[in-house]
Structures are given as structure tokens and as C-alpha cells.
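Per this note's numbering, the sequence shown starts with residue 367, numbered consecutively. Glycine residues also receive a C-beta, built at the ideal position from the N, C-alpha and C atoms. For reference, the structure is listed below as C-alpha cells.
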Amino acid sequence: MPAQPTTAVAAATDVGHVRRRNEDHAVVGTTLVTGDHDEATDELASPAMLAVLDGMGGHPAGDVASRLVAEVVAGADLPVDRDAVADLVATMQRRLLAHMRDHPETTGMGTTLAAASLLDPATALVIGIGDSAALWWTDDLVDVVPRDRSEGGWITQVLGGASEADHLDAHVLELTGPGRLLLASDGLTDVVEPTVVAAALRDHPEPAKAVRALVEAALQRGGPDNVTVVVADLQAPEAQVDVGR
């Protein structure tokens with residue numbers, strides 16, 4: 367039987383040139399992308415999860431917060447459709463709150479979330495909390511969910527942090543290909559111009575090469591923050607035909 371359609375995905379994370387610790391994590395399916403320098407490339411069968419987590423700088427244990435939520439994403443019951451998003455987010459929040467209760471020294475830790483649930487090779491449900499970016503590229507580069515950041519630069523919504531609530535409302539949007547989805551921490555979007563991001567997505571057909579170009583662009587601009595990116599190529603809906611027929 368011919369192989370089922372898959373989604374080409376790549377991810378990378380880098381500590382950058384200034385920070386002493388990488389508080390970012392990425393998720394590709396069940397794989398965590400972590401540490402000072404790491405990357406992953408895969409052809410994912412649906413359903414599957416992707417994510418970028420950016421631990422809160424200036425807060426205790428931001429790396430712990432992003433890792434705990436990354437583990438929830440990587441172990442999520444699939445598929446994560448619209449009905450399942452609230453439960454998944456609540457599970458993330460409970461995991462962080464429980465850790466803070468058990469480890470008071472981590473009180474206040476938090477993380478952003480930019481995630482995508484690959485429902486099939488042509489469809490992704492994008493989920494956002496905080497100021498990590500979910501960008502969609504076809505002919506133009508557009509934000510697909512709002513970034514929770516005030517005019518002064520403060521993050522206005524985050525998993526964990528000072529909140530005692532066990533539920534947060536996530537931004538959710540469904541995308542249909544063909545197109546290229548980019549999830550990124552602000553270590554990319556705060557320093558690399560949108561035109562440069564769009565050019566990297568346009569000029570590198572292979573997701574792994576696009577990911578490396580994006581990380582390198584952030585490092586060339588001083589790498590002032592941890593930088594983490596995930597690129598996924600959604601197919602056209604007609605690519606989903608039953609290949610077993």
C-alpha cells in the first residue's frame with residue numbers, strides 16, 4: 367500500500383550569544399528539542415503536535431516551566447481538536463501550578479505557547495498563549511493568532527506565572543494548506559525583520575534549511591535572546607486523497 371501523506375517539519379533551538387541558559391523548548395511530535403543547540407527534522411503522520419515554548423526571562427525556573435509544558439504537549443492525547451484545546455491548556459496550567467506548590471522556589475515561573483495540532487497533512491489548529499509567534503506564509507507573511515504583549519512590551523497572558531487559575535483562554539485558529547507555518551519565540555521575531563523571515567521561508571524549500579537560515583539570522587543580529595523555531599509545510603487539501611484506493 368502506498369505511504370500515507372505526511373507533513374514535513376523541522377525545528378531548532380539555540381541559546382544565543384547573550385543568555386547563559388536556554389529557557390526555550392520546541393516539540394516535534396513526541397520529540398523535545400532542547401538544550402543550548404538542538405534541532406530535529408521529521409515527516410510526521412497526522413495527528414501530531416508541534417510547539418514552541420519560551421520560558422519567562424527574569425523569572426525563576428523559566429526553563430523548567432517550558433520543559434514541563436513541552437512534556438505535556440509531547441504526551442498529549444491525539445487528536446487535539448477545538449473541543450480538546452481547553453482541556454490540554456488546563457492540563458498544562460495544572461502541571462505548572464502543582465510544580466510551584468511542590469517547589470516554592472519556582473513560584474512565578476511561566477512560559478508562552480505557540481503550538482499547532484496537525485489534524486491532517488493539509489490542516490493545522492494553531493494555539494497561542496503569550497507573545498511567541500505563529501506566522502503563516504504563502505505569498506505574504508501574516509500573524510495567525512494575536513500575540514499577548516502590551517505596548518510597553520510586557521506579556522499580558524502566560525501559562526503559569528503569578529496566576530492561580532487552573533484555566534486560561536488560548537487563541538485558536540484553523541489553517542488549511544498549501545502554505546508554510548512558522549512557530550517562533552521572540553528571540554527570532556524581536557530581532558529579525560519580517561521581510562527577512564519571509565525571504566528565508568520563500569528561498570529554502572526544505573524546512574530544515576529554512577529553520578537554519580532563521581536561527582542564523584537571529585544570531586547574526588547579536589543573538590540577544592534564546593531563539594527557537596519550528597517550520598511545517600501544509601499540503602493542499604487534494605493531497606489528502608485516500609492513497610489506499
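Own chain, CB closer than 7 angstroms to Ala511, minus 5 neighbours either side, in chain order: Taking the first residue of the sequence shown as 1, we reach residue 511 at position 145. Before going further, note that residue 511 is Val rather than Ala in the sequence given. Val492, Gly494, Ala500, His537 and Leu539, listed in sequence order.
DSSP state of His570, grouped into three classes? For the purposes of this step, residue 570 is taken as residue 204 along the sequence shown, with counting starting at 1. The answer is coil: DSSP assigns His570 none of H, G, I, E or B.
Which of the three DSSP states is assigned to Met415 in this structure? Taking the sequence shown and counting its residues from 1, the one referred to as residue 415 is at position 49. Secondary structure at Met415: strand, using DSSP grouped into helix, strand and coil.
Any idea what DSSP makes of Val557, helix, strand or coil? Mapped onto the sequence shown, residue 557 falls at position 191. Val557 carries a coil assignment under DSSP once its states are collapsed to helix, strand and coil.
Pair every Cβ in the stretch 405-412 with every Cβ in the stretch 465-480, then say whether three or more of these pairs are closer than 8 angstroms. no
Going straight from the alpha carbon of Met367 to that of Ala602, what length do you get? The residue you call residue 367 lines up with position 1 of the sequence shown. The residue you call residue 602 lines up with position 236 of the sequence shown. Unreliable placement is indicated for Met367, whose pLDDT of 45 sits below 50; the coordinate value is still reported in the next sentence. So the two alpha carbons sit approximately 22 angstroms from each other.
Spatial neighbours of Gly589 in its chain, beta-carbon cut-off 6 angstroms, leaving aside the 5 residues before and after: Mapped onto the sequence shown, residue 589 falls at position 223. Answer for Gly589: Gly382 and His383, listed in chain order.
Between which two residues does the alpha helix (DSSP H) containing Gly428 stretch? On the sequence shown, residue 428 is found 62 positions in, with the first residue counted as 1. Where Gly428 is concerned, the enclosing alpha helix (DSSP H) stretches over Gly428 to Ala440.
Is His391 closer than 8 angstroms to Ala442 when the C-beta atoms are compared? Indexing the sequence shown from 1 puts residue 442 at position 76. Indexing the sequence shown from 1 puts residue 391 at position 25. Cβ distance not < 8 angstroms, so Ala442 and His391 don't count as in contact.
Taking DSSP as the reference, what is the three-state secondary structure of His465? For the purposes of this step, residue 465 is identified with residue 99 of the sequence shown, where counting begins at 1. Three-state DSSP puts His465 in a helix.
Specify the secondary structure class of Val510 as computed by DSSP and reduced to three states. Taking the first residue of the sequence shown as 1, we reach residue 510 at position 144. Correct three-state label for Val510: coil.
Who are the Cβ neighbours of Glu530 in its own chain at under 8 angstroms, not counting the five residues just before and after it? Residue numbering aside, residue 530 sits at position 164 when the sequence shown is read from its first letter. Excluding five sequence positions before and after Glu530, the CB atoms of its chain that fall closer than 8 angstroms to its own CB belong to Leu463, given in chain order.
Restricting to Cα atoms, I'd like to know which of Glu559, Asp569, Ala378 and Val451 is closest to Ala490. For this step, residue 490 is matched to residue 124 along the sequence shown. Answer by Cα proximity: Val451.
Check whether the Cβ atoms of Asp591 and Arg460 lie closer than 8 angstroms to each other. Locating residue 591 in the sequence shown gives position 225, counting from the first residue. Locating residue 460 in the sequence shown gives position 94, counting from the first residue. Contact annotation: Asp591 and Arg460 have beta-carbon atoms that are not nearer than 8 angstroms.
Could you check whether Ala579 and Thr542 sit closer than 8 angstroms to each other, using their CB atoms as the reference points? The residue given as residue 542 occupies position 176 in the sequence shown. The residue given as residue 579 occupies position 213 in the sequence shown. No, Cβ-Cβ distance for Thr542 and Ala579 is not below 8 angstroms.
On the criterion of 16 or more Cβ atoms from any shown chain inside 10 Å, does Val508 qualify as buried, or is it exposed? Stepping through the sequence shown from its first residue, residue 508 is reached at position 142. So Val508 counts as exposed.
Would you say Ala376 and Val581 are within 8 angstroms of each other, going by their C-beta atoms? Position 10 of the sequence shown, counting from 1, holds the residue named residue 376. Position 215 of the sequence shown, counting from 1, holds the residue named residue 581. It is not a contact, given that the beta carbons lie outside the stated cut-off.
Asp514: which of Leu416, Leu479 and Pro544 sits nearest, CA to CA? Counting from 1 along the sequence shown, the entry for residue 514 is found at position 148. Of the listed residues, the one whose Cα sits closest to Asp514 is Leu479.
Could you round the C-beta distance between Gly553 and Trp503 to whole angstroms and report it? I think they count as a contact, below 8 angstroms. Position 187 of the sequence shown, counted from the start, is the residue given in the question as residue 553. Position 137 of the sequence shown, counted from the start, is the residue given in the question as residue 503. No, Gly553 and Trp503 are not in contact; Cβ-Cβ is about 19 angstroms, not under 8 angstroms.
With H, G and I counted as helix, E and B as strand and the rest as coil, what does DSSP make of Asp505? As a working mapping, residue 505 is identified with position 139 in the sequence shown. Coil.
Grab the span of the beta strand (DSSP E) containing Ile495 for me, first residue to last. Taking the first residue of the sequence shown as 1, we reach residue 495 at position 129. Run containing Ile495: Thr489 to Ile495, per the beta strand (DSSP E) assignment.
For Arg611, which of helix, strand or coil comes out of DSSP? Against the sequence shown, residue 611 aligns to sequence position 245. With a pLDDT of 32 at Arg611, under the threshold of 50, the modelled position of that residue is not reliable, and no figure is offered here.
Span of the beta strand (DSSP E), counted from its first residue to its last, around Arg546: The residue given as residue 546 occupies position 180 in the sequence shown. Unbroken beta strand (DSSP E) run through Arg546: Gly545 to Ala550.
With a threshold of 16 other CB atoms inside 10 Å of the CB of Pro470, please say whether the residue is buried or exposed. Along the sequence shown, read from residue 1 onward, the residue named residue 470 stands at position 104. Exposed is the call here.
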